[in-house]
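Structure record follows, encoded as structure tokens.
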Amino acid sequence: MHIVDTALAQRAASGNPIRVGLIGAGYSARRIAYQIEQSVPGLRVVAIANRTLEHARGAFAFAGVSAPRTVLRQAEAKCAIAVGAQFITDVAELVTASDYIDVVVEATGSVGFGARVTLDAIDNGKHVVAMNVEMDATIGPLLAHRARARGVIYTNSDGDEPGVAMNLLRHVRSLGLTPVVAGNLKGFFDPYRTPDTQRAFAEAHGQKPQTAAHFADGTKLAMELAVLANATGLSVGRRGMFGPSLAHVNDAAEFYARRPTGEGIVDFLVGAAPGNGVFVLARTDDPMRQAYLRYLKQGDGPLYTFYTPFHLPQLDVPNTIARAALFDDAAVSPAGAPVCDAIAVAKKDLAVGDVLDGLGGHCAYGLLEDYALSARDACLPIGLSEGCRVIRPVAKDQLITCADVVIPQGREIDALRTEQNTLFGFATADRPRAMGGLA
């Protein structure tokens with residue numbers, strides 16, 4: 221990151237920091253604001269938008285900014301910026317449309333609202349850093365396509381697992397090796413976790429119980445690996461992935477040597493030391509490299525293990541912002557057509573009339589699936605599940621399809637999903653495109 225550090229130091233010295241607009245004021249947003257304001261002179265949080273102004277004010281206070289202005293109109297935003305003031309607002313468009321902001325960081329975790337904010341920022345010529353794998357897994361390929369057409373960067377973060385894995389993949393490829401498996405080291409995995417079971421953990425860490433449940437039940441895992449798959453072209457070995465429980469990440473090579481990996485897959489390990497971070501298994505048929513890797517104690521092959529034993533999402537966001545603003549470089553972004561999808565599976569027996577309560581709720585968990593198969597089988601993406609009403613019973617652990625639910629009318633996110641499917645050739649004449657954009 222030396223080139224990034226140097227460029228940021230130059231921006232700081234010239235009194236011209238990269239101007240950041242932050243959407244959201246929750247757990248992630250507060251820590252992003254703190255990291256930028258306290259540690260990175262070449263960046264400045266100009267504005268924080270949140271529907272609750274006091275939460276936005278609290279995020280600035282957490283970052284050490286004591287008196288941001290309150291702005292409700294564009295003219296007020298211009299006046300604040302003209303005198304060098306930082307501001308809060310409950311109107312996200314005042315951030316995404318501002319001529320005085322270079323990069324928008326979307327950190328709400330909301331699929332629908334996040335998509336609207338992201339598209340508005342892209343349309344206004346802003347780079348977007350998405351701390352929102354939920355949105356990225358659902359319509360990231362469309363957002364990246366729109367960003368490329370506008371000449372701006374749309375990217376997930378360096379520090380979250382997809383970004384850490386992407387950096388490790390680049391490193392492995394630079395060594396002349398071919399990645400075979402890439403993914404997450406997961407300390408805990410239980411698809412039946414709910415906000416009730418995770419409440420104590422959430423309260424101890426300043427999180428919402430439903431957010432904590434969505435981390436524990438595998439939904440966020442599926443979405444993170446959809447993001448990685450869509451950025452790399454790596455596929456999924458089977459619905460839900462293999463996800464073996466192993467003692468150490470170094471045991472993974474033996475496991476996957478006996479599994480079908482095709483041209484490369486994403487996957488995860490449960491309980492494998494060091495217990496946190498990401499891993500990549502790679503191969504080479506080159507005798508010189510094989511001998512060299514053996515000499516340096518990487519093993520005899522044919523698969524070689526590489527891993528990063530940590531991920532620090534909020535702390536690494538400044539690097540992602542700088543890469544986008546200074547070098548037009550994305551940390552991890554969909555490369556083209558979607559490869560994998562995070563689909564909804566019943567967490568309990570669902571009865572007619574039940575309303576799905578979204579990510580980390582009581583009703584459904586997410587599994588990773590091949591995107592083409594998801595489209596073929598009319599699977600319900602977990603990112604679109606909230607608010608859908610069940611119209612025929614679905615047994616626990618069974619796939620939820622579009623035919624099993626009524627999707628709320630008039631949601632923009634469903635139209636965007638339809639646009640994504642049509643753009644990349646997943647919409648077919650024999651399926652109604654209006655069904656939640658899932659044709």
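Read left to right, the sequence shown gives residues 221 to 659 (our numbering). Even glycine gets a Cβ: it sits at the ideal position worked out from N, Cα and C.
Count the other CB atoms, across all protein chains shown, that sit within 10 Å of the CB of residue 322; report buried if there are 16 or more and exposed otherwise.
The residue given as residue 322 occupies position 102 in the sequence shown. Buried, by the Cβ-count rule.
I'd like the span of the beta strand (DSSP E) that includes residue 525, first residue to last.
Numbered from 1 along the sequence shown, position 305 holds the residue referred to as residue 525. Taken as a continuous stretch (DSSP letters only), the beta strand (DSSP E) holding residue 525 covers 523 to 528.
Got a sec? Which residues, its chain only, sit under 6 Å from residue 626 by beta carbon, not counting five neighbours each side?
Locating residue 626 in the sequence shown gives position 406, where the first residue counts as 1. Within the same chain, residue 626 has close Cβ partners 609 and 611.
Look up residue 404 in the DSSP assignment and say whether it is helix, strand or coil.
Counting from 1 along the sequence shown, the entry for residue 404 is found at position 184. Strand, per DSSP.
Any idea what DSSP makes of residue 659, helix, strand or coil?
Numbered from its first residue, the sequence shown carries residue 659 at position 439. With a pLDDT of 36 at residue 659, under the threshold of 50, the modelled position of that residue is not reliable, and the figure given next carries that caveat. In this structure, residue 659 counts as coil in the three-state DSSP scheme.
Hey, which unbroken runs of the alpha helix (DSSP H) at 4 residues or more fall wholly within the region 342 to 421?
353 to 370 and 381 to 394
To which residues of the same chain is residue 262 closer than 6 Å at the C-beta, ignoring the five residues directly before and after it?
Position 42 of the sequence shown, counted from the first residue, corresponds to residue 262. The residues are 228, 231, 232 and 237.
Taking a contact to mean a Cβ-Cβ separation below 8 Å, would you say residue 280 touches residue 291 in this structure?
Residue 280 sits at position 60 when you count from the first residue of the sequence shown. Residue 291 sits at position 71 when you count from the first residue of the sequence shown. In this structure, residue 291 does not lie closer than 8 Å to residue 280 by Cβ.
Which term fits residue 741, buried or exposed, when burial requires 16 or more other beta carbons within 10 angstroms of its beta carbon?
Given a span of 221 to 659 for the chain in the structure shown, any question on residue 741 remains unanswerable.
Nearest by alpha-carbon distance to residue 638: which of 367, 604, 310 and 571 is it?
To locate residue 638, count along the sequence shown from 1; it is residue 418. Taking only the C-alpha atoms, the option nearest residue 638 is 604.
At least three beta-carbon pairs within less than 8 Å, the region 581 to 596 to the region 551 to 570:
yes
Between which two residues does the beta strand (DSSP E) harbouring residue 299 extend?
On the sequence shown, position 79 is the one that residue 299 refers to. Looking at the DSSP string, residue 299 is not in any beta strand (DSSP E); the run it does join, the alpha helix (DSSP H), is 294 to 302.
Helix, strand or coil, according to DSSP, for residue 483 in the structure here?
On the sequence shown, position 263 is the one that residue 483 refers to. Residue 483 falls in the coil class under three-state DSSP.
Under three-state DSSP, which class holds residue 328?
Within the sequence shown, numbered from 1, the residue matching residue 328 stands at position 108. Residue state, collapsed to three classes: coil.
At least three beta-carbon pairs within less than 8 Å, the region 441 to 454 to the region 346 to 357:
yes
Identify the continuous alpha helix (DSSP H) that holds residue 664 and give its terminal residues.
Nothing about residue 664 can be reported from this structure: the residues present for the chain run from 221 to 659 only.
Across which residues does DSSP place residue 589 in a beta bridge pair?
Here residue 589 corresponds to residue number 369 of the sequence shown, with the count starting at 1. Checking the DSSP bridge columns, you'll see residue 589 partnered with 561.
For residue 508, count neighbouring C-beta atoms within 10 Å of its own C-beta (all shown protein chains included) and say buried if the count is 16 or more, exposed if not.
If you number the sequence shown from 1, residue 508 lands on position 288. Classification for residue 508: exposed.
Terminal residues of the alpha helix (DSSP H) in which residue 252 lies:
The residue labelled residue 252 in the question sits at position 32 within the sequence shown. According to the DSSP assignment, residue 252 belongs to the alpha helix (DSSP H) that extends over 247 to 259.
Look up residue 318 in the DSSP assignment and say whether it is helix, strand or coil.
Within the sequence shown, residue 318 is the residue found at index 98, counting from 1. Of the three classes helix, strand and coil, the one that applies to residue 318 here is coil, per DSSP.
When the Cβ atoms of the region 592 to 599 are set against those of the region 568 to 575, are three or more pairs found closer than 8 Å?
no
So residue 240 and residue 265 are in contact, right, with Cβ under 8 Å, and what is the actual spacing, rounded?
Indexing the sequence shown from 1 puts residue 240 at position 20. Indexing the sequence shown from 1 puts residue 265 at position 45. Taking the Cβ atoms as the reference, residue 240 lies roughly 5 Å from residue 265, within the contact range of under 8 Å.
Pull up the CB-CB distance for residue 273 and residue 310, whole angstroms please, since I reckon it's below 8 Å.
What you label residue 273 is simply residue 53 of the sequence shown in a count that begins at 1. What you label residue 310 is simply residue 90 of the sequence shown in a count that begins at 1. With 8 Å as the limit, residue 273 and residue 310 qualify as a contact, their Cβ atoms being about 5 Å apart.
Check whether the region 411 to 418 touches the region 429 to 438, taking contact to mean three or more Cβ pairs, one atom from each stretch, closer than 8 Å.
yes
What does the Cβ neighbour count give for residue 654, buried or exposed, with the cut at 16 atoms within 10 Å?
For the purposes of this step, residue 654 is taken as the residue at position 434 of the sequence shown. The pLDDT assigned to residue 654 is 34, lower than 50, so where the model puts this residue is not dependable; a value taken from the coordinates is nonetheless given after this. Exposed, since its Cβ has fewer than 16 Cβ neighbours within 10 Å.
Inspect the beta-carbon positions of residue 198 and residue 530 and report whether they are closer than 8 Å.
There is simply no residue 198 to check, as the chain begins at 221 and stops at 659 in what is shown.
Of the choices 553, 616 and 427, whose alpha-carbon is the least far from that of residue 412?
Working through the sequence shown from its first residue, we reach residue 412 at position 192. Closest by alpha carbon: 616.
Between which residues of its own chain and residue 350 is the CB-CB distance below 6 Å, once the five residues before and five after are set aside?
Numbered from its first residue, the sequence shown carries residue 350 at position 130. Shown here for residue 350: same chain residues with a beta carbon closer than 6 Å to its own, the five before and five after excluded, namely 326, 356 and 376 in chain order.
Considering only residues of the same chain and omitting the five flanking positions on each side of residue 642, which have a CB-CB separation below 6 Å?
By 1-based counting over the sequence shown, the position of residue 642 is 422. By the criterion of a C-beta distance shorter than 6 Å, residue 642 is surrounded by no residue of its chain, once the five residues flanking it on both sides are discounted.
In the structure shown, what three-state DSSP assignment does residue 554 receive?
For the purposes of this step, residue 554 is taken as residue 334 along the sequence shown, with counting starting at 1. If DSSP states are grouped into helix, strand and coil, residue 554 belongs with coil.
Give me the Cα-Cα distance between residue 399 and residue 423, rounded to the nearest whole angstrom.
Sequence index remark: in the sequence shown, residue 399 carries index 179 (1-based). Sequence index remark: in the sequence shown, residue 423 carries index 203 (1-based). Roughly 39 Å between the two C-alpha positions.
What is the rounded straight-line gap between the Cα of residue 550 and the Cα of residue 378?
Sequence index remark: in the sequence shown, residue 550 carries index 330 (1-based). Sequence index remark: in the sequence shown, residue 378 carries index 158 (1-based). Distance between the alpha carbons of residue 550 and residue 378 is about 9 Å.
Tell me whether residue 493 sits in a helix, a strand or coil according to DSSP, three-state version.
The residue labelled residue 493 in the question sits at position 273 within the sequence shown. If DSSP states are grouped into helix, strand and coil, residue 493 belongs with the strands.
For the 8 Å Cβ check, are there 3 or more pairs between the region 519 to 534 and the region 377 to 396?
The answer is yes - the region 377 to 396 touches the region 519 to 534, with three or more Cβ pairs under 8 Å.
With distances taken from CA atoms, which of 645, 493, 619 and 396 is nearest residue 471?
On the sequence shown, position 251 is the one that residue 471 refers to. Considering only alpha carbons, the answer is 493.
Bounding residues of the beta strand (DSSP E) (the contiguous stretch that carries residue 499):
Working through the sequence shown from its first residue, we reach residue 499 at position 279. First-last of the beta strand (DSSP E) with residue 499: 498 to 503.
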